[in-house]
Each structure stands twice: as structure tokens, then as C-alpha cells.
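In the numbering used here, the protein residues as written are 715 to 922.
By construction, the Cβ of each residue, glycine as well, lies at the ideal position given by its N, Cα and C atoms.
Scroll down for the structure; my scribbles are underneath it.
So this is what it looks like as C-alpha cells:
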């Protein structure tokens, strides 16, 4: 697929290190001092829930400038059913190209391909200010609750988009984050030592 001055394609094995560095640069000091997302993507590639057919990179002039990936997970419905859904991310754009439309283009393409493969819905944690532009809304509007979140707690971070219209009709229940996203800080630190040193900084707006 070629649009404007970039292409979006599936990630190749030889892309792995460049993608991990891209993710590290994209998330460094954003949500916490340093980041863990580059290690998360490193381990998720070997997770049984990883969807290789939806593991995308964005390339410009021979350089990777963005990536997105998906994982299979479930909603445990209140009526006892298990509802297959997707979750997404990390999704990252190289820092100097953020807020220029590349992220939305990559996300729109990724969601289109997920729909073509027959997946019914995507749920994940994100900012409605950005992801609302790509059709996401609050998961609570579908009757879906975030696991381990106390009743009445702020759930504005928990977003959902149906890929098949009506896929979640009549369903209420609890979304489960795939276990592969939970990584040990010590493992992150060891992995990060294999990259060039970067300064960790505590900044306003970080959530960890």
C-alpha cells in the first residue's frame, strides 16, 4: 500500500531491532521516566495471542517511522459467554513526525485490515482526544468494564471500537488485558541496557 510519501507493510524479522528502537524513542519519558514499551513488543511477538497478520510498520524513504500491532483477547460476558476481541499497541510514530497525521493514517489502515480479517471489535487503553478521531468511544458505552477497576473509578482511558457493526450488541462484561503486556521492571532494565543510553526524566503528565 502506498500513500503520499510512505508505505505501510507487515513487519519482517529483520525489522525487529529497528522497530524496538523506534518504539523506545516514541515512548521515552512519555508515561514514566524511561519506558517499557520496547520490551513489551519484544516479548509479545512470541506470545500465542500475537496476531502476525496485523503487525504493521510504516516506512518512509527506507526508514521505519511507525508501527502498530494487535493481540487477541476476550470479554468475559456477564451471561457466561466468552467474546473474542482484539486489543492493540503499542502504536508508535517517530517523535519528529508526531502530530502530523501519520499516526491516524497508520491506525486507520490497521483497523481496516483487522476488519477485513473478520475481527469484531478492538478494546484498549488510550486517549479519547486522539483515538476518537478514528472511531473509538468509551467502552462503557458498550457495557464493557475494565478488569480490576473498582466500581465508580475513572474509566475514561478504556476505549472501544466495533469493527463489525453490532458485534457487541446485547453483551455486557469484563475485558481482560492479555498477560503478555505485564512485564517485570527488572527485565525491562536489562533489555534497555542493550540500547544506547538515554536520560530518564520525571515530567509533568506522566502517569507512572
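Host alpha helix (DSSP H) of residue i (start-end)
i           : result
residue 735 : 730 to 741
residue 872 : Note, residue 872: premise wrong, no alpha helix (DSSP H); beta strand (DSSP E) at 872 to 876.
residue 903 : 899 to 906
residue 823 : 816 to 830
Sequence-distant residues of the same chain with beta carbon closer than 6 Å to residue i, five excluded per side
i           : result
residue 730 : none
residue 917 : 743
residue 726 : none
residue 921 : 745
residue 687 : Residue 687 lies beyond the stretch modelled for the chain, which goes from 715 to 922, so this question has no answer here.
As assigned by DSSP and simplified to three states, the class of residue i
i           : result
residue 798 : strand
residue 893 : helix
residue 727 : helix
residue 803 : coil
residue 716 : Low local confidence applies: a pLDDT of 44 at residue 716 is under 50, so the model's placement there is unreliable, with the coordinate-based value given in what follows. It is a strand residue.
residue 852 : strand
residue 721 : strand
residue 843 : helix
Close-in-space but distant-in-sequence residues of the same chain around residue i (CB under 7 Å, 5 per side omitted)
i           : result
residue 774 : 719 and 720
residue 767 : 831
residue 912 : 742
residue 849 : 875
residue 915 : 743 and 747
residue 722 : 715, 770, 772, 820 and 823
residue 754 : 804, 895 and 897
Residue i - containing beta strand (DSSP E), residue span
i           : result
residue 839 : 835 to 839
residue 858 : 858 to 860
Any C-beta of chain C under 8 Å from that of residue i
i           : result
residue 760 : This model lacks chain C altogether, as it is built from one protein chain only.
Span separating the alpha-carbon of residue i from that of residue j
i           : j           : result
residue 904 : residue 879 : 44 Å
residue 800 : residue 845 : 15 Å
residue 825 : residue 875 : 9 Å
residue 739 : residue 796 : 37 Å
residue 822 : residue 788 : 22 Å
residue 752 : residue 737 : 5 Å
residue 867 : residue 856 : 17 Å
residue 828 : residue 782 : 12 Å
residue 715 : residue 892 : Confidence at residue 715 is low in this model, with a pLDDT of 43, below 50, so the placement of that residue is unreliable and no value is reported for it.
residue 714 : residue 793 : Residue 714 falls outside the range modelled here, since the chain spans only 715 to 922, and no answer is possible.
residue 896 : residue 902 : 11 Å
residue 790 : residue 881 : 14 Å
Own chain residues within Cβ distance below 8 Å of residue i, not counting five before or after
i           : result
residue 869 : 852, 853, 854, 859, 860 and 863
Which ranges would you report for the beta strand (DSSP E) in the segment 744 to 799 if only whole runs of at least 3 residues count? Unbroken beta strand (DSSP E) runs of no fewer than 3 residues, entirely contained in the segment 744 to 799, are found at 770 to 774, 777 to 782 and 784 to 791, following chain order.
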